[in-house]
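In my numbering, the protein residues as written are 29 to 406. Shown next, in structure tokens, is the structure this report addresses.
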Amino acid sequence: MTKPAKLTAGQKKDLKKKEAFEKVKESLESGDSAATVLPESPTESLSEQQLVDVPPTLPEQNKVEIKRVIKKVKALEHQIEIAYEHSQFAVPTEIMDGLARLEDNYGRFKSNVKISIAGSIEAQDCYCEILTICFGERTAVLYKLLRRNMHKEHKNLTREEKANKIVRQDAPILAELKSVSTLIHDLINERGSPGTWPISFRDATRLTVDRCFHGIFVELRGILDAPYSTSATPEDVRALVRSVEKDAKFLFGNSTPGAAKLEMLSKAFDEEGASISKQKTFLLARELFPTKKEINGKARTSFCKKPAKIYELFGLDVLDAALQEGLPGWNTEPQNEGEGANNEDSDQSSFASTQAEALTTSNRMKSFYSTLKRKKIA
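Quick look at the structure:
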């Protein structure tokens with residue numbers, strides 16, 4: 029026995045119309061009105077023009093989704109306008125998608141953010157790429173120098189442990205990511221047309237980056253390159269450190285280890301003033317730069333006969349050796365080999381005192397940084 033074929037939608041509609049017609053026909057034959065048989069639907073009582081004007085009803089969830097899409101479209105339009113005025117803001121889609129995922133998942137790190145250690149490292153890398161494109165390579169170099177080294181802090185964890193371990197709510201890395209996110213957000217959402225300002229937010233940030241970069245890698249490193257020179261004064265170093273500290277905090281906030289080290293050096297100047305020793309000043313300033321193990325150790329032979337590493341190229345090997353030996357005073361010339369034996373006797377006492385001060389300062393700094401490491405703030 030074969031099963032009856034299923035009716036199509038059109039056939040079902042015709043069947044319903046036929047049944048309705050038969051009911052109307054029966055009612056007319058019995059003397060009843062057709063209105064009692066066929067109830068009037070709301071749409072039948074409206075004219076054709078009224079039917080066109082009636083908007084379709086949507087569930088509440090769909091309304092919320094539409095509002096969210098409209099908000100994203102407006103934000104995209106604003107970014108396109110900025111990209112038109114600043115062509116250098118045109119960035120690869122992959123980087124912008126990464127930034128959008130960060131904002132969607134972590135809400136610009138405002139509060140109550142749950143992020144893993146691996147996620148925080150990914151956020152740092154994403155922000156570093158955005159800073160490179162928005163403000164140039166110098167900004168990325170500054171950020172990598174001053175930011176928190178999450179790889180070093182959690183080097184004993186495996187990849188799976190980094191992906192599963194959640195960062196504490198009061199961890200300084202969250203404050204750092206929030207500051208960098210705010211910097212990028214302020215750039216993208218600069219009010220008005222940036223082209224109408226004599227100095228826009230982008231321009232001011234770039235000027236600050238150039239000044240901070242020059243202060244650290246040219247002026248401060250130039251002073252540290254000549255540890256035995258008497259040209260530098262405590263007043264000059266103090267003014268330079270304060271300027272760099274202000275710029276670093278403006279760019280990346282107060283929670284980066286670099287900002288904390290600069291602030292510590294500024295406080296040392298405030299407490300001791302011009303009487304601060306050269307040994308202590310250079311030792312604190314040295315902490316701002318990476319150690320020998322944190323710098324690429326690959327030797328380069330293309331520009332010199334003797335292979336030189338980046339660590340040696342920056343003069344950090346000479347500085348570390350001088351700090352280990354102990355620096356003399358600000359205005360004390362280094363001992364020359366041609367001096368007589370009379371000067372040697374007088375210099376031995378000053379050199380011994382300098383070595384003692386260097387040892388005391390070094391021990392104090394080691395104790396201080398071990399405390400910072402335990403507290404996870406440096």
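Note that beta-carbon positions come from the ideal geometry of N, C-alpha and C, so glycine has one too.
Going by DSSP, what residue range makes up the alpha helix (DSSP H) through Pro285?
285-300
Val246: which of Glu105, Glu189, Val265, Thr224 sits nearest, CA to CA?
Val265
Name the DSSP bridge partner or partners of Ile251?
When beta bridges are read from the DSSP output, Ile251 appears opposite no residue.
Are the beta-carbon atoms of Leu205 and Phe137 separated by less than 9 Å?
yes
Taking 9 Å as the CB-CB cut-off, is Arg234 touching chain D?
The question asks about chain D, but that chain is absent: this structure has only one protein chain.
Do you know whose CA, among Leu170, Ile158, Asp153, lies nearest Met178's CA?
Asp153
Between the CA atoms of Glu361 and Ile145 - distance to the nearest angstrom
49 Å
Under 9 Å between C-beta atoms of Leu252 and Glu273:
Taking 9 Å as the Cβ cut-off, Leu252 and Glu273 do not qualify as a contacting pair.
Does the Cβ of Leu43 have 16 or more other Cβ atoms within 10 Å, making it buried, or fewer, making it exposed?
By the 16-neighbour rule on beta-carbons within 10 angstroms, Leu43 is exposed.
My understanding is that Pro285 touches Leu211, with C-beta atoms under 8 Å, so please give their C-beta distance in whole angstroms.
Rounded, the Cβ-Cβ distance is 18 Å, inconsistent with contact.
If you follow the alpha helix (DSSP H) that Tyr339 is part of, which residue opens it and which one closes it?
338-341
Bridge partners - Ile194, DSSP secondary structure assignment
Ser144
Let me check understanding here. Comparing Cα to Cα, which of His213, Lys306, Cys156, Lys193 lies closest to Gly135?
His213
On the three-state DSSP scale, how would you describe Ile227?
coil
Buried or exposed: where does Asp275 fall if 16 or more other Cβ atoms within 10 Å of its Cβ makes it buried?
buried
Within 10 angstroms of the Cβ of Gln409, are there 16 or more other Cβ atoms? Answer buried if so, exposed if not.
Nothing about residue 409 can be reported from this structure: the residues present for the chain run from 29 to 406 only.
Please list, in chain order, all residues of the same chain as Asp125 whose beta carbon is under 6 Å from its beta carbon, the five residues on each side excluded.
Answer for Asp125: no residue qualifies.
Assuming Leu355 contacts Pro262 (C-beta within less than 8 Å), just tell me the rounded distance between them.
Their Cβ separation, rounded to whole angstroms, is 13 Å, which puts Leu355 and Pro262 out of contact at 8 Å.
Per-residue DSSP class, three states only, for Ala199
coil
Alpha carbon to alpha carbon, how far is Ala296 from Lys308?
9 Å
Count the other CB atoms within 10 Å of the CB of Ala287; is the residue buried (16 or more) or exposed (fewer)?
By the C-beta density criterion, Ala287 is buried, having at least 16 other C-beta atoms within 10 angstroms.
Can you list, in chain order, the residues of its chain whose CB lies under 8 Å from that of Ile244, leaving out five sequence neighbours each side?
Leu170, Leu173, Val272, Leu316
What three-state label does DSSP hand Ile94 in the structure shown?
helix
For Ser303, the three-state DSSP class (helix, strand or coil):
If DSSP states are grouped into helix, strand and coil, Ser303 belongs with the helices.
So Lys193 packs on Leu202, CB below 8 Å; how close in whole Å?
With a Cβ gap of about 14 Å, Lys193 and Leu202 do not count as contacting.
If you follow the alpha helix (DSSP H) that Phe317 is part of, which residue opens it and which one closes it?
Looking at the DSSP string, Phe317 is not in any alpha helix (DSSP H), and its letter there is neither H nor E.
Neighbour-count burial assignment, Val97, 16 or more Cβ in a 10 Å radius:
So Val97 ends up on the exposed side.
Distance, Leu159 Cα to Ile149 Cα:
15 Å
For the alpha helix (DSSP H) containing Phe245, name the first residue and the last one.
First-last for Phe245: undefined, no H or E at that position.
Hey, out of Leu344, Ser305, Lys46, Phe163, whose CA is closest to Gly357's CA?
Taking Gly357 as reference, the option from Leu344, Ser305, Lys46, Phe163 with the minimal CA-CA separation is Ser305.
Out of curiosity, what's the CA-to-CA distance linking Gly343 and Ser207?
A straight line joining the alpha-carbon of Gly343 with that of Ser207 spans about 32 Å.
Check the C-beta distance from Val195 over to Ile227 and give it rounded, since I have them as a contact under 8 Å.
Not confirmed; about 37 Å, so no contact.
Could you check the C-alpha separation between Ile338 and Phe278 for me, to the nearest Å?
29 Å
What does the Cβ neighbour count give for Pro200, buried or exposed, with the cut at 16 atoms within 10 Å?
buried
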